[in-house]
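Undergrad:
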Amino acid sequence: MDKFFAFFSFTDPNVRLVTFGTMFLGLSTAAVGSFAFLRKRSLIGDAIAHAILPGIALSFLFFQSKNPFLLMGGALVSGWLAMVSIEYISNKSKLKPDTAIGLVLSVFFGVGILLLTHIQHTGIGNQAGLDQFLFGKAAAIVKQDLYAYGIIAFLLLAVILLLFKEFKLLSFNPDFAQASGLPVQSLRFVLSTITVLAIALGIQSVGVVLMAALIITPSAAARAWTERLSVMMLLAGGIGAFSGLVGSYISFTAPNMPTGPWIVMCLSCIALASLFFSPRRGVLAKLLQQRKNRIKIVSENLLKALYHLQEQSDFQNRHFTEGDILEQRSFSQGDFHTALKKLKKEFWIMPITEKNRFQLSEKGVEEARRVVRLHRIWEMYLTERMRLKADHIHPNAETIEHIITPEIEEQLLEELGYPKKDPHESPIPYKA
Amino acid sequence: MSTEKPALEVHNLTASYQRKPVLWEIDFALPAGKLVGIVGPNGSGKTTLLKNIMGLMQPDGGYVNLFGKKLDEVRQRVSYVPQRESVDWDFPASVLDVVQMGRYRRSNLFKRLSAEDKHVAAEALEKVGMLPYAKRQISQLSGGQQQRVFIARSLAQQADLYLMDEPFVGVDASTEESILTLLSEMKQEGKTVVIVHHDLQTAYDYFDWIVLLNTRLVAAGSKEEVFRSDLLQEAYGGRLTVLSKIGDLISRKDFPIREGEFKEKEGLGDG
Ligand SMILES: Nc1ncnc2c1ncn2[C@@H]1O[C@H](COP(=O)(O)OP(=O)(O)O)[C@@H](O)[C@H]1O
Ligand SMILES: [Mg+2]
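Sequence lines, in order, name chains A and B.
Per our numbering, the first sequence runs over residues 1 to 432.
Per our numbering, the second sequence runs over residues 1 to 271.
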């Protein structure tokens with residue numbers, strides 16, 4: 001708890017540096033990553049992150065300095081080289097793009113590791129701590145780094161704001177963008193450059209291995225909640241920043257903890273929860289919808305059973321028990337009671353006080369007639385238009401009756417010329 | 001309107017994917033102010049032809065002139081409707097967003113759209129009967145509605161020549177009817193509309209002018225000239241097996257598609 005307050009009071013200037021640095025980083029990588037996500041370039045992000053490593057190592061070997069701008073320059077060069085190689089290989093050879101990505105990723109990363117090992121074995125390597133680039137260590141951020149990161153992150157966001165509409169079109173429909181005369185090549189170049197920069201920005205605190213997650217995951221999570229690009233990007237930025245906060249907190253409380261894995265852990269949890277709870281695309285929403293459909297089907301079948309009971313008594317008998325219904329048609333226990341409750345709530349059936357009987361209300365009769373009507377006109381349609389035999393059509397109509405909308409009903413009736421009877425000679429009940 | 005120059009000239013165009021030619025020496029010209037169908041079976045290279053015309057692919061040989069000029073000089077007068085399946089309709093955008101993309105130009109790079117741009121986009125939506133759906137997410141549209149959104153985006157470009165790739169695919173009968181009405185209105189206004197179409201059945205009714213394509217040019221001319229059974233047979237009957245065999249050979253053996261010396265001069269602007 002002490003650590004918690006020590007951290008969140010932000011009195012320690014070091015904590016302030018690291019935390020705000022990481023949050024700012026999460027925000028800007030997520031915003032840049034939105035376009036990679038929408039262009040379905042998740043793998044490219046991973047490749048670039050790995051390909052940056054040799055650039056950083058070489059730049060360190062060459063300049064013997066950890067100046068962030070110099071390291072960033074090296075990162076940019078090798079990230080770019082990787083990107084161009086991928087494009088060249090997939091255009092000029094028969095290899096598929098993901099094969100090209102895999103190839104470039106492993107070659108660059110291999111070289112990077114080699115160089116890193118070399119640096120470690122020379123004297124200068126020991127204090128350089130370049131190995132933190134593998135898994136990231138936000139705590140290693142110093143003031144000088146932070147200024148550099150701040151300036152670059154600000155640039156990234158400014159570019160996105162300025163070219164927002166062009167990037168949107170480029171992600172949605174690049175052919176159209178080019179046909180409209182937009183400078184697509186330059187736009188691609190700018191977008192690639194800010195992607196490489198954003199990845200390079202995060203390498204120190206998140207590490208090569210997990211950096212791709214920081215680019216793609218926030219957008220994947222945000223996409224679950226909104227259908228608007230601008231909202232998606234803001235949300236993704238927020239999720240990125242929040243994960244940065246969580247990552248640096250954990251890194252602060254347990255100084256030997258690498259930051260990267262914890263940021264990614266937090267991101268993954270948010271993404272999983274988003275995919276589950278998303279109102280339109282989520283697993284939960286789907287389950288709820290399925291349940292709703294099932295209850296609708298059962299209650300419509302219940303209404304139909306009640307209607308058939310009335311029909312069988314020539315509309316003399318109107319009061320029935322649950323037993324009567326279950327005799328008419330079998331229902332599974334749980335669904336039967338849920339549906340019955342729903343029918344009561346909608347006032348489609350009215351309880352009669354004596355002996356657990358109930359009857360259809362006027363509204364209920366109307367609804368029951370609708371379902372029976374749909375069933376029977378669909379049977380008509382199947383026999384008349386699709387030339388199916390009368391003894392084959394019932395099971396299909398049992399399903400379709402729950403799906404037909406009023407517009408389709410109207411169309412069917414018109415096409416069939418408002419028939420009076422169904423193929424089994426049962427009368428079709430029209431609206432009163 | 002510029003009736004003096006053909007709206008579109010394609011000169012000896014040869015195009016390939018990974019060195020495998022799919023268009024051979026295509027050569028034709030289209031008069032302005034006509035409703036033109038580029039007709040051929042699936043895989044005959046219609047989309048490839050449009051991409052070459054719109055500069056989305058580099059041809060191996062030959063060139064294209066639009067209104068007697070190079071594409072870059074007349075960009076504003078040409079509008080392109082890509083194949084509907086060429087984009088991901090699950091993209092987070094509304095109908096209005098997509099139609100407004102028709103107003104993105106080199107000249108308004110870095111800028112927001114003007115009120116005028118927004119007005120033009122709304123008008124285009126109104127013309128295809130999609131204004132009530134302006135706020136709708138594109139992921140929730142039917143196939144026919146998606147096509148109409150694409151056409152509206154193209155209308156918003158206020159061009160003189162329209163190149164549309166299969167705008168009747170996945171469209172119901174009433175939408176097809178309304179798209180056709182719209183196209184003939186555009187023709188009345190002197191626009192040239194070029195439609196890629198694979199269905200031979202309807203082609204005769206829809207278009208004034210037809211380009212019959214199957215890897216090579218089978219015929220181009222008024223529909224009365226082109227709709228001859230021998231030509232149709234040539235385009236739609238047995239595939240051109242020899243040509244495709246040679247194509248395979250070239251891609252396998254890495255032959256040059258054209259010998260350097262024979263590469264003709266690109267047509268100069270107003271030549
Ligand atoms: N990106 C591509 N890479 C390789 N081959 C392609 C590509 N696009 C199209 N093709 C091939 O080129 C031929 C012509 O395709 P296309 O122009 O799409 O025909 P159409 O539009 O008439 O159906 C087809 O055989 C197709 O398989
Ligand atoms: Mg096509």
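Idealized CB from N, CA, C, for every residue including glycine.
#1: Following a CB-centred definition, is N52 (chain B) positioned closer than 6 Å to any heavy atom of ligand 1?
#2: Just to confirm my understanding: we take A200 (chain A), look at its own chain, exclude 5 residues before and 5 after, and list those with CB closer than 7 Å. What are they?
#3: Helix or strand or just coil, what does DSSP make of R223 (chain A)?
#4: How many Å lie between L413 (chain A) and L66 (chain B) at the Cα?
#5: Within 10 angstroms of its Cβ, does F320 (chain A) collect 16 or more other Cβ (buried), or is it exposed?
#6: Taking 7 Å as the CB-CB cut-off, is A7 (chain B) touching chain A?
#7: Taking W378 (chain A) as part of the beta strand (DSSP E), name the residues at either end of that continuous run.
#8: Who are the near neighbours of A49 (chain A) in its chain, counting only those whose CB is closer than 6 Å to its CB and skipping five residues on each side?
#9: Rank B:K20, B:A32 and B:L13 by C-alpha distance to the C-alpha of Q188 (chain B) and give the top, closest one.
#10: Flag T47 (chain B) as yes when its Cβ comes closer than 6 Å to any non-hydrogen atom of ligand 1, and as no otherwise.
#11: Are the region 171-180 of chain A and the region 80-100 of chain B touching, with three or more C-beta to C-beta distances below 8 Å?
#12: I think R294 (chain A) touches D324 (chain A), with their Cβ atoms under 8 Å apart; what is that distance to the nearest whole Å?
#13: Got a sec? Which residues, its chain only, sit under 6 Å from Y26 (chain A) by beta carbon, not counting five neighbours each side?
#14: Out of A:I141, A:P54 and A:G102, which has the shortest C-alpha to C-alpha gap to P13 (chain A)?
#15: Between which two residues does the beta strand (DSSP E) containing I195 (chain B) stretch?
#16: Could you tell me the distance, in whole angstroms, from the CA atom of M24 (chain B) to the CA atom of R77 (chain B)?
#17: Check for me: the beta strand (DSSP E) holding W24 (chain B) runs from which residue to which?
#18: Is there a C-beta anywhere in chain A that falls below 7 Å from the one on R75 (chain B)?
#19: For the 8 Å Cβ check, are there 3 or more pairs between the region 186-205 of chain B and the region 102-120 of chain B?
#20: Going by the beta-carbon positions, is the gap between W378 (chain A) and A397 (chain A) smaller than 7 Å?
#21: Whose Cβ in chain A lies nearer than 9 Å to the Cβ of A93 (chain B)?
#22: Any idea which residues DSSP pairs L277 (chain B) with across the strands?
#23: In chain A, which residues lie less than 8 Å from Q293 (chain B) when you measure between Cβ atoms?
#24: Which word fits E266 (chain B), buried or exposed, when buried means at least 16 other C-beta atoms lie within 10 angstroms of its C-beta?
#25: Grab me the residues of S85 (chain A)'s own chain with a C-beta within less than 6 Å of its C-beta, minus the 5 sequence neighbours each way, in chain order.
#26: Just to make sure I have the definition right: I need the residues of chain A whose C-beta is within less than 9 Å of the C-beta of P21 (chain B). Which are they?
#27: Mark V283 (chain A) as exposed unless 16 or more other C-beta atoms lie within 10 angstroms of its C-beta, in which case mark it buried.
#28: Taking 7 Å as the limit between beta carbons, can you name the residues of its chain near D270 (chain B), skipping five residues before and five after?
#29: Output needed for F133 (chain A): all residues of its chain with C-beta closer than 7 Å, excluding positions within five of it in sequence on either side, in chain order.
#30: How do the region 93-108 of chain B and the region 125-137 of chain B stand: do at least 3 beta-carbon pairs fall below 8 Å, yes or no?
#31: When you check each C-beta in the region 26-38 of chain A against every C-beta of chain B, which residues fall closer than 7 Å?
#32: What I want to know is whether the C-beta of G62 (chain B) ends up closer than 6 Å to one or more non-hydrogen atoms of ligand 4.
#33: Should V22 (chain B) be listed as close to ligand 1, given that the test is whether its C-beta is under 6 Å from any heavy atom?
#34: Compute every distance between the C-beta of Y17 (chain B) and the non-hydrogen atoms of ligand 1, then say whether any falls below 6 Å.
#35: Since S86 (chain B) meets chain A, which of its residues come closer than 8 Å, beta carbon to beta carbon?
#36: If the cut is a Cβ gap below 9 Å, which residues of chain A does M130 (chain B) touch?
TA: Looking at the atomic coordinates:
#1: no
#2: I52, M72, A75, L76 and G79
#3: helix
#4: 52 Å
#5: buried
#6: no
#7: Looking at the DSSP string, W378 (chain A) is not in any beta strand (DSSP E); the run it does join, the alpha helix (DSSP H), is E362 to E384.
#8: I199, V208, M211 and A212
#9: B:A32
#10: yes
#11: yes
#12: The pair is not a contact, with the Cβ atoms about 23 Å apart (cut-off 8 Å).
#13: With the sequence shown as reference, residue 26 (chain A) is identified as Gly, and Tyr is not the correct amino acid for it. G240, A241, S243 and G244.
#14: A:I141
#15: T192 to H197
#16: Contrary to the premise, residue 24 (chain B) reads as Trp rather than Met in this sequence. Taking the straight line joining both Cα atoms gives about 27 Å.
#17: K20 to L30
#18: yes
#19: no
#20: yes
#21: K168, F172, E227, R228 and L229
#22: An answer regarding residue 277 (chain B) cannot be provided, because it is not within the stretch 1 to 271 covered by chain B.
#23: There is simply no residue 293 (chain B) to check, as chain B begins at 1 and stops at 271 in what is shown.
#24: The predicted position of E266 (chain B) is uncertain, since its pLDDT is 42 and thus under 50; a value taken from the coordinates is nonetheless stated next. That one is exposed.
#25: V104
#26: Here the premise fails: no neighbours, minimum Cβ distance about 17 Å.
#27: exposed
#28: Confidence at D270 (chain B) is low in this model, with a pLDDT of 39, below 50, so its placement is unreliable and no value can be given for it.
#29: L53, I56, I203, Q204, G207 and V208
#30: yes
#31: L38
#32: Looking for ligand 4 in the displayed structure turns up nothing; the ligands present are ligand 1 and ligand 2.
#33: yes
#34: yes
#35: N173 and D175
#36: None at all; the shortest Cβ gap to chain A is about 17 Å.
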